[in-house]
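Everything on this sheet refers to the single structure shown next.
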Amino acid sequence: MSDAVVVEELVKTFGKTKALDGVSFSLPEGTVLGLLGPNGAGKTTTVRVLATLLAPDSGRASVLGLDAVKQAEQVRRVIGLAGQYAAVDEKLTGMENLRLVGRLYHLPKAEVLSRADALLERFELTQAANRVVKTYSGGMRRRLDLAASLVNRPKVLFLDEPTTGLDPRSRLALWEVIEDLVRDGTTLLLTTQYLEEADRLADRIAVVDGGRVIAEGTSDELKDKVGGSVLVARPSSPDDADTVASVLAALKTGEVKRLATGELAVPATGIALVAKAARALTTAGLEVSELGLRRPTLDDVFLTLTGHLAESSDVEDETP
Ligand SMILES: Nc1ncnc2c1ncn2[C@@H]1O[C@H](COP(=O)(O)OP(=O)(O)OP(=O)(O)O)[C@@H](O)[C@H]1O
Ligand SMILES: [Mg+2]
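Under the working numbering, residue 323 is the last one in the sequence shown; the count climbs by one each step, no gaps.
As structure tokens, then:
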């Protein structure tokens, strides 16, 4: 399997901000890589370099063996991009937007028409095809933007935070469409702040922080970095958190972690620990609304790797 995307030691500085500080990764053809990182990590900057929209200060980026700087024109022909902010024209209808993209690629008119019909169908926009985009919901715009990125049948697709701002149902629907594309053989680079999304869609995950890849692997490999399974308890009342924590500490399996979700977690030794914890909590007269074993989530992984949570936006925007 050859690499569809190769990124080597990319550096990009904006004024005093080092947006990229030596990003490297590669993506075998037909696979999905998730670039996972918090606000300001450098995800969009990386995608813009690959999509030929931005030249790096140093380093190399190539798509299907074509250099993103020196062969930008050819790269553009083989890729599709749905940016972080939907790039569709509000004043045009859904159908007109797709036709416009077809014209930009100089595709034959008949082909553009049948392609646009098929894409509108696939993204459940047929009913809305002749309405101006201004009247579309956020989810519909996202779907149209994704449809627009597919007009030229790209072999390599870049999706920058495809589901940010969508409700859970729309997110699920979009995940299914993306999974279909991947089944059809599209190579996909996806950026996301949602651990769940990377977990579900990506074969491999590169965790980005401060313009560098700080960890890479399958979701399971990353979870293994954090250790085996954990016992998680959710106190029925937040007031009980301290007493529940001391009961869990008395199980002596390791340090008690307080998760942002309100849950308490300790390293787990096996299923018997659940029964032991249940007895100890009952004896202490404590109620919990949840108690069980689970594999560490990617949230736990991110916290372990970076010392901060993935979804927090504690990385300051450095523009004045
Ligand atoms: N055109 C620009 N001018 C100045 N600074 C920029 C520019 N583009 C990006 N940056 C800065 O570079 C850093 C990385 O930005 P980037 O957009 O790549 O992050 P991101 O990982 O996509 O974040 P988010 O999750 O918020 O989209 C940030 O500190 C950002 O403020
Ligand atoms: Mg971004």
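All residues carry an ideal CB built from backbone N, CA and C; glycine is no exception.
Delimiting residues of the beta strand (DSSP E) encompassing residue i
{"i": "Ser239", "result": "No beta strand (DSSP E) holds Ser239; DSSP gives it neither H nor E."}
{"i": "Gly37", "result": "Val35 to Leu39"}
{"i": "Pro270", "result": "Leu267 to Pro270"}
{"i": "Asp212", "result": "Arg207 to Asp212"}
{"i": "Ala89", "result": "Ala89 -> no beta strand (DSSP E), and no H or E assigned at all."}
{"i": "Arg63", "result": "Ser61 to Val66"}
{"i": "Ser232", "result": "Per DSSP, Ser232 belongs to no beta strand (DSSP E) and is neither H nor E."}
{"i": "Asp297", "result": "Per the sequence shown, the amino acid found at residue 297 is Arg instead of Asp. Note, Arg297: beta strand (DSSP E), Val291 to Arg297."}
Nearest-angstrom Cα separation, counted from residue j out to residue i
{"i": "Leu253", "j": "Gly68", "result": "In the sequence as presented, Leu is not what sits at residue 253; that position holds Ala. About 57 Å."}
{"i": "Glu11", "j": "Thr48", "result": "14 Å"}
{"i": "Glu319", "j": "Glu266", "result": "Confidence at Glu319 is low in this model, with a pLDDT of 40, below 50, so the placement of that residue is unreliable and no value is reported for it."}
{"i": "Gly18", "j": "Val229", "result": "36 Å"}
{"i": "Leu175", "j": "Pro165", "result": "11 Å"}
{"i": "Val185", "j": "Pro241", "result": "43 Å"}
{"i": "Val26", "j": "Leu13", "result": "5 Å"}
{"i": "Ser316", "j": "Leu276", "result": "In this predicted model, Ser316 has a pLDDT of only 39, less than 50, meaning its place in the structure is not dependable; the value taken from the coordinates is given anyway. Rounded to the nearest angstrom, the two C-alpha atoms are 36 Å apart."}
{"i": "Lys255", "j": "Asp302", "result": "24 Å"}
{"i": "Thr324", "j": "Glu127", "result": "Past the edges of the chain, shown from 4 to 323, lies residue 324, and the structure says nothing about it."}
{"i": "Lys73", "j": "Asp148", "result": "27 Å"}
{"i": "Arg80", "j": "Thr190", "result": "15 Å"}
{"i": "Glu200", "j": "Ser249", "result": "34 Å"}
{"i": "Leu23", "j": "Gly257", "result": "37 Å"}
{"i": "Ile274", "j": "Ser292", "result": "18 Å"}
{"i": "Ala75", "j": "Ala7", "result": "15 Å"}
{"i": "Ala150", "j": "Gly188", "result": "16 Å"}
{"i": "Ala58", "j": "Arg51", "result": "8 Å"}
{"i": "Lys21", "j": "Ser239", "result": "45 Å"}
{"i": "Gly141", "j": "Ala205", "result": "24 Å"}
{"i": "Ser173", "j": "Leu110", "result": "31 Å"}
{"i": "Val216", "j": "Val9", "result": "14 Å"}
Short Cβ contact (9 Å threshold) for residue i with residue j
{"i": "Gly288", "j": "Leu234", "result": "no"}
{"i": "Met98", "j": "Ala119", "result": "yes"}
{"i": "Gly105", "j": "Val115", "result": "yes"}
{"i": "Gly213", "j": "Gly83", "result": "no"}
{"i": "Lys15", "j": "Asp70", "result": "no"}
{"i": "Leu53", "j": "Val66", "result": "yes"}
{"i": "Ala325", "j": "Leu251", "result": "An answer regarding residue 325 cannot be provided, because it is not within the stretch 4 to 323 covered by the chain."}
{"i": "Asn133", "j": "Thr96", "result": "yes"}
{"i": "Leu177", "j": "Arg144", "result": "no"}
{"i": "Leu193", "j": "Leu38", "result": "yes"}
{"i": "Leu122", "j": "Leu162", "result": "no"}
Alpha helix (DSSP H) segment containing residue i, residue limits
{"i": "Ile217", "result": "Taken as a continuous stretch (DSSP letters only), Ile217 belongs to no alpha helix (DSSP H), being part of the beta strand (DSSP E) at Arg215 to Gly220."}
{"i": "Glu99", "result": "Gly97 to Leu107"}
{"i": "Thr47", "result": "Lys46 to Leu53"}
{"i": "Phe126", "result": "Where Phe126 is concerned, there is no enclosing alpha helix (DSSP H), given that its DSSP letter is neither H nor E."}
{"i": "Lys21", "result": "Counting along the chain, Lys21 falls outside any alpha helix (DSSP H), though it belongs to the beta strand (DSSP E) covering Thr20 to Pro31."}
{"i": "Glu12", "result": "Not the alpha helix (DSSP H): Glu12 falls in the beta strand (DSSP E), residues Asp6 to Phe17."}
{"i": "Arg144", "result": "Gly141 to Ala151"}
Check: residue i C-beta below 8 Å from any heavy atom of ligand 2
{"i": "Thr47", "result": "yes"}
{"i": "Thr194", "result": "yes"}
{"i": "Asp163", "result": "yes"}
{"i": "Gln87", "result": "yes"}
Check: residue i C-beta below 8 Å from any heavy atom of ligand 1
{"i": "Gly288", "result": "no"}
{"i": "Phe28", "result": "no"}
{"i": "Phe305", "result": "no"}
{"i": "Gly168", "result": "no"}
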